[in-house]
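>
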Amino acid sequence: MSRDEIRTVVLRALGEIAPEADLASLAPDIGLRDQLDLDSMDILNFVVGLHAALGVEIPESDYPKLATLDGCVDYLAAARR
Amino acid sequence: MPILTADMSAGTLVAWKKKAGDMVKRGDIIAEVETDKGLIDVEVFASGTIERILVEPGATVPTGAVLAIIREEAAGPAAAPLAPSGPPPVSPRVRAAAAPAVPVSPTAPGRARISPLARKLAAELGIDLATLQGTGPGGVIRREDIERAAAARAEGPRKEPRLALDRSARLRQTIGAAMARSKREIPHYYLGTTIDMQRALGWLAEENARRPVADRLLYGVLLIKAVALALHETPELNSVWRGAEAVPGPGIHVGVAISLRGGGLVAPALHDTDRQSFGDLMRSFVDLVRRARSGGLRSSELSDPTITVTSLGEQGVESVFGIIYPPQVAIVGFGKIVERPWSVDGQIVSRPVITATLSADHRVSDGHRGGLFLAAVERLLQEPARL
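Here the protein sequences come in this chain order: A and B.
Letter by letter, the first sequence follows residues 0 to 80 in numbering that gives the first Met the number 0.
Letter by letter, the second sequence follows residues 0 to 386 in numbering that gives the first Met the number 0.
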């Protein structure tokens with residue numbers, strides 16, 4: 000799966016938890032929590048969504064690596080290798 | 000029309016999920032109602048057959064108004080036949096699908112339970128008592144019920160009433176009205192304490208490491224469970240204020256404040272919070288948040304909370320002193336978990352701590368009891384595996 004495809008999966012998962020968000024204008028290097036007003040329940044649902052879509056088991060200790068869109072793509076691309 | 004939120008005076012019936020002749024059982028969703036808190040699924044509080052539907056979709060009716068007549072199962076085939084017109088039959092075995100927030104005792108046939116003053120007022124204002132369900136003790140119709148019905152009628156029938164209005168603005172109005180009433184009527188007192196969360200977070204990290212992703216717990220669930228169990232020790236905080244007295248809650252149904260995207264909040268109940276396992280509680284919590292934000296809360300979830308827990312820690316707030324949501328008598332607040340110097344066995348160490356606060360109704364409890372409650376919450380969080 001390419002990085003672009005992973006990015007698409009990440010955006011789809013974000014769209015599930017923040018359906019009102021304009022994901023097209025999401026800055027890739029700024030925190031998702033701040034941009035999308037996410038709380039810990041949203042983050043948990045996001046991780047569950049990524050796991051369902053990609054089969055990647057993300058331990059809690061790695062949640063900080065998912066802080067930005069770029070971070071998510073980097074982490075998931077590495078985890079799928 | 001059930002009373003789903005504090006100060007709710009009317010609701011719009013959006014759709015029926017059942018029709019006349021359908022069998023229903025307690026807990027079934029029978030209708031969808033539009034309120035200031037969004038679309039709510041109304042549950043039925045009796046089992047039987049829907050005998051007659053009295054309110055059509057699109058109509059706005061006052062709280063307490065009868066939406067439908069349900070013939071209870073025990074009535075059997077010998078029950079009275081349906082009356083095609085005229086006033087609905089009233090008997091102990093025929094219940095109206097309305098006002099689950101207030102238990103209603105069987106009413107004597109043909110005669111509403113109502114105070115003389117309220118009856119006189121109803122006559123003056125031309126309010127049909129058959130369309131009301133009282134909110135007083137035992138379902139007695141009170142002066143306030145008459146006034147509410149008159150006010151709702153004065154607004155007139157609206158085919159597309161408040162649906163077209165800005166929901167966010169209405170929600171803000173509803174919250175404002177409830178909070179103003181709370182500040183006006185409830186003599187609040189406030190307490191706060193700082194709790195060491197090291198053991199709780201350590202236990203949680205171990206627990207989540209062995210759980211599948213979808214079954215992981217949030218620390219908020221530990222806080223909610225600790226509050227629920229602490230209420231066993233100070234049950235007066237788990238009650239609602241009715242008229243001039245506190246009525247003990249029928250169970251421990253902790254309401255959790257959930258912020259809504261676009262502004263506003265709701266605080267629906269996690270039913271039987273004290274009796275649920277962590278796994279069940281977390282699943283209920285996830286489901287409740289999802290439905291609070293996307294629609295589909297149940298009427299009982301709005302009417303049943305006996306205390307509220309609010310947490311603003313994720314916004315970076317260290318302490319929150321909440322305003323009690325009437326008719327509840329207490330609200331518990333949690334702030335952000337922060338690392339702070341902490342004294343352990345005479346040594347200063349760094350510990351993750353959280354500030355827990357209690358806002359409580361002084362008509363129902365005193366600071367001493369409130370302090371015992373917070374102490375119990377703190378003690379319980381030191382043994383998370385036993386929660």
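Note that beta-carbon positions come from the ideal geometry of N, C-alpha and C, so glycine has one too.
At the 8 angstroms Cβ level, is B/R171 part of the contact set with chain A, yes or no?
no
> DSSP state of B/L259, grouped into three classes?
coil
> Would the stretch 17-37 of chain B count as touching the stretch 29-37 of chain A if we require 3 or more Cβ pairs under 8 angstroms?
no
> For A/I57, go through chain B and note every residue whose CB falls closer than 8 angstroms to its CB, in chain order.
V212
> Taking the straight line between their C-alpha atoms, what separation do you get for B/G276 and B/K224?
For clarity, residue 276 of chain B is Ser in the given sequence; the question names Gly instead. Their Cα atoms are separated by approximately 9 angstroms.
> Does A/V46 have its Cβ less than 8 angstroms from a Cβ in chain B?
yes
> What residue does the alpha helix (DSSP H) around B/S293 start on, and which one ends it?
According to the DSSP assignment, B/S293 belongs to the alpha helix (DSSP H) that extends over 277-293.
> In chain order, which alpha helix (DSSP H) runs of at least 4 residues are fully inside the stretch 292-356 of chain B?
298-302
> Per the DSSP calculation, B/Y188 is bridged to which residue(s)?
B/A359
> Is the distance from the Cβ of B/L38 to the Cβ of B/G254 below 8 angstroms?
no
> What does A/D38 reach in chain B if we use C-beta pairs closer than 7 angstroms?
Correct list: E313.
> Which chain B residues sit within Cβ distance under 7 angstroms of A/L43?
R215, L217
> Mind checking who B/D40 pairs with in its DSSP beta bridge?
Paired residues: B/E31, B/R297.
> Out of B/Q381, B/A329, B/R378, B/R350, state which residue places its alpha-carbon closest to the alpha-carbon of B/G369.
B/A329
> Which residues in chain B sit within 9 angstroms of A/E19, going by Cβ to Cβ distance?
Near A/E19 (Cβ distances below 9 angstroms), the residues of chain B are R260, G261.
> Nearest-angstrom Cα distance between B/F284 and B/E377?
22 angstroms
> Have a look at A/A23 and B/S364 and give me their C-alpha separation to the nearest angstrom.
So the alpha carbons of these two residues sit roughly 52 angstroms apart.
> Comparing alpha-carbon positions, which option in B/R350, B/T272, B/K24, B/N207 lies nearest B/P398?
Residue coverage of chain B in this structure runs from 0 to 386, which leaves residue 398 of chain B outside it and unanswerable.
> Say yes only if the C-beta of A/A17 is nearer than 7 angstroms to one or more non-hydrogen atoms of the ligand FMN, and no if none qualify.
The ligand FMN is absent from the structure shown, which contains no ligand whatsoever.
> Check whether chain A comes within 8 angstroms of B/T34, counting only Cβ atoms and requiring the distance to be less than that.
Not one chain A Cβ lies under 8 angstroms of B/T34.
> Give me the Cβ distance between B/A359 and B/D303, rounded to the nearest whole Å; I'm assuming they're in contact under 8 angstroms.
Rounded, the Cβ-Cβ distance is 19 angstroms, inconsistent with contact.
> Please determine, among B/E55, B/V65, B/I69, the residue with the shortest C-alpha to C-alpha distance to B/A45.
B/I69
> Within 10 Å of its beta-carbon, does B/H387 have 16 or more other beta-carbons around it, so buried, or fewer, so exposed?
The requested residue 387 of chain B does not occur in the structure, where chain B is confined to residues 0 to 386.
> So A/V47 and B/V41 are in contact, right, with Cβ under 8 angstroms, and what is the actual spacing, rounded?
That belief does not hold up - the Cβ atoms of A/V47 and B/V41 are roughly 30 angstroms apart, past 8 angstroms.
> If you draw a straight line from the alpha carbon of B/L379 to that of B/T193, how long is it in whole angstroms?
14 angstroms
> Considering only residues of the same chain and omitting the five flanking positions on each side of B/V220, which have a CB-CB separation below 7 angstroms?
F277, L280, M281, F284
> Hey, how far is the Cα of B/L170 from the Cα of B/S8?
14 angstroms
> Along the chain, where does the alpha helix (DSSP H) that runs through B/E55 open and close?
If you look at B/E55, you'll find it isn't in any alpha helix (DSSP H); DSSP assigns it neither H nor E.
> Does the distance from the CB of B/T34 to the CB of B/G10 come in under 8 angstroms?
In contact: B/T34 and B/G10 (Cβ atoms closer than 8 angstroms).
> Between A/L53 and A/R80, which are expected to be in contact by the criterion C-beta below 8 angstroms, what is the C-beta distance as a whole number of angstroms?
About 12 angstroms separates the two Cβ atoms, so there is no contact after all.
> How would you label B/P186, buried or exposed, when you count the other beta carbons within 10 angstroms and need 16 or more for buried?
Classification of B/P186: exposed, given that the 10 Å Cβ count is below 16.
> Do we get a CB-CB distance below 8 angstroms when we pair B/V316 with the residues of chain A?
Taking 8 angstroms as the threshold, the shortest C-beta distance from B/V316 to chain A does not fall below it.
> Report the neighbours of B/A208 on chain A: residues whose CB is nearer than 8 angstroms to its CB, in chain order.
P58, E59
> Could you give the distance in angstroms between the alpha-carbon of B/I52 and the alpha-carbon of B/D195?
55 angstroms
> Give me whichever residues DSSP pairs with B/I194 in a beta bridge.
B/I353
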